[in-house]
Amino acid sequence: MTVATKRVWWGDYRTTEYATIDPEATIAVLPVAAIEQHGPHLPVSTDTSIMNGMLETVIARLPGDLDIRILPVQAVGKSNEHLHAPGTLTLPAATLIEAWTELGLSVARAGLRKLIVVNSHGGNEEIMGIITRELRVRAKMLAVKTSWQRFGRPAGMYTELEDRHGIHGGDVETSLMLHFRPDLVDMAKADNFVSNVARAEQQFALLRHTGTHAFAWIATDLNPNGVVGDGSIATAEKGRLTANHQADGFISLLKDVRKAKLADWLA
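Here is the structure:
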């Protein structure tokens with residue numbers, strides 16, 4: 005596989021270079037993350053550190069024939085489910101919708117018609133859906149939304165319980181942080197933070213914290229510590245393999261987006 009050596013960051017290009025953009029071939033990437041509490045063992049920068057690490061992993065594995073422009077990481081997202089914890093930064097949903105839509109419109113004005121919004125924080129999911137639809141309507145863009153976790157994990161690496169409930173500060177995120185930023189992880193404080201979702205599964209037929217029939221929650225509804233999952237069993241090797249797996253999935257998505265002809269898929 006040919007590894008990319010060319011520039012991939014939006015800001016590294018001169019304005020004159022955007023005049024020759026091929027809207028079918030060049031894909032903009034908007035990374036959205038968060039600064040919020042991740043329990044006693046992980047830093048509030050966890051989602052942003054994971055985003056930065058994942059982008060570097062993608063860049064290292066990127067085929068040379070893929071032309072991408074990565075926009076600045078949006079480090080502050082919608083994190084009002086974590087307001088109980090000092091260190092959390094958040095912006096209102098309306099502010100994020102306006103700001104991220106405007107970024108997408110700026111991308112369109114530069115001549116790009118393909119955009120992938122990639123996310124590392126669950127609280128941004130609804131925002132992504134709104135802004136990608138806005139960009140389709142207002143700028144006729146092929147606007148795609150995804151999150152790193154949607155690309156899954158290596159088969160059998162994590163327990164079935166962790167795959168179902170370990171959504172915040174558990175084995176997966178702690179392993180990724182041990183791989184990307186081990187200097188920021190305090191494994192002495194990592195624990196098995198049991199999720200209340202399991203209790204809901206036992207008591208209710210349909211009602212859940214997450215999924216098809218979900219009620220709105222804040223982090224302490226899931227666990228008093230505001231984190232869920234077993235961070236105590238995390239390892240850097242699991243983090244490395246997970247990062248590679250998800251990066252390869254993202255590269256497959258990039259190839260699909262490049263292959264998609266605008267005239268074929270946008271009315």
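The sequence shown: position 238 = 242 (the numbering used here), numbered continuously. Glycine is no exception: its CB is placed at the ideal position from the N, C-alpha and C atoms. Computed from a predicted structure; not experimentally measured.
Q. If we count the other Cβ atoms within 10 Å of its Cβ and call it buried at 16 or more, is Arg73 buried or exposed?
A. Residue environment analysis places Arg73 among the buried positions, since at least 16 neighbouring C-beta atoms fall within 10 angstroms of its C-beta.
Q | Short Cβ contact (8 Å threshold) for Ser124 with Met55 | A | At the C-beta level, Ser124 and Met55 come within 8 Å of one another.
Q: Provide the residue(s) that pair with Gly233 in DSSP beta bridges, ordered along the chain.
A: Here Gly233 is bridged, per DSSP, to Phe197.
(Q) Rounded to whole angstroms, what is the Cα-Cα separation between Gly156 and Val198? (A) About 21 Å.
Q: Note down, in chain order, each residue of its chain lying with its Cβ closer than 6 Å to the Cβ of Gly253, except the 5 sequence neighbours on either side.
A: Counting only Cβ-Cβ distances below 6 Å, and skipping sequence neighbours, we find Phe155.
Q.
Assuming contact is defined by CB atoms lying nearer than 8 Å, are Val201 and Arg212 in contact in what I supplied?
A. Val201 places its beta carbon less than 8 Å from that of Arg212.
(Q) For Gly235 and Leu266, what's the separation of their Cα atoms in angstroms? (A) Taking the straight line joining both Cα atoms gives about 43 Å.
(Q) Checking the sheet assignment: what are the DSSP bridge partners for Asn123? (A) For Asn123, DSSP records a beta bridge to Val36, Ser151.
Q: Measure from the alpha carbon of His249 to the alpha carbon of each residue in Gly126, Gly160, Thr24, Glu130, then state which is nearest.
A: Nearest to His249 by C-alpha distance, out of Gly126, Gly160, Thr24, Glu130, is Gly160.
Q: Could you have a look at Pro27 and say whether DSSP puts it in helix, strand or coil?
A: In the three-state reduction of the DSSP assignment, Pro27 falls in the coil class, being assigned neither a helical nor a strand state.
Q: Enumerate in chain order the residues of its own chain whose CB-to-CB distance from Gly15 is below 6 Å, with the five nearest sequence positions on each side excluded.
A: The beta carbon of Gly15 sits closer than 6 Å to none of the beta carbons in its chain outside the five residues before and after it.
Q.
Can you give me the C-alpha to C-alpha distance between Ala29 and Lys263, rounded to a whole angstrom?
A. About 8 Å.
(Q) Quick check on the DSSP output: what are the complete beta strand (DSSP E) runs of length 3 or more inside the region 124-189, in order along the chain? (A) Within the region 124-189, the beta strand (DSSP E) runs of at least 3 residues that lie entirely inside it are, in chain order, 146-151.
Q: Answer yes if the region 63-73 comes into contact with the region 20-40, meaning at least three C-beta pairs across the two stretches below 8 Å, and no otherwise.
A: Yes, the region 20-40 is in contact with the region 63-73.
Q.
Quick check on the DSSP output: the alpha helix (DSSP H) that includes Pro113 runs from which residue to which?
A. Residue identity differs from the one stated: residue 113 is Arg in this sequence, not Pro. DSSP places Arg113 inside the alpha helix (DSSP H), whose first and last residues are 97-113.
Q | Contact between the region 110-117 and the region 86-102 (3+ Cβ pairs under 8 Å) | A | The region 110-117, when compared against the region 86-102, does not touch it at the 8 Å Cβ threshold.
Q.
Quick check on this structure: which residue in Trp152, Ile39, Ala112 has the alpha carbon closest to the alpha carbon of Ala251?
A. Closest option to Ala251, Cα to Cα, is Trp152.
Q: Excluding the 5 residues preceding and the 5 following Met5 in the sequence, name in chain order all residues of the same chain whose CB lies nearer than 7 Å to its CB.
A: Low confidence applies here, because Met5 scores a pLDDT of 47, under 50, leaving its location unreliable; read the following figure in that light. Apart from the 5 residues on each side of it in sequence, Met5 sits with its Cβ closer than 7 Å to the Cβ of Pro67 in its chain, given in chain order.
Q. Is Ala149 buried or exposed, if buried means 16 or more other CB atoms sit within 10 Å of its CB?
A. The question names Ala, yet the displayed sequence has Lys at residue 149. With 16 or more other Cβ atoms from the protein chains shown falling within 10 Å of its own Cβ, Lys149 counts as buried.
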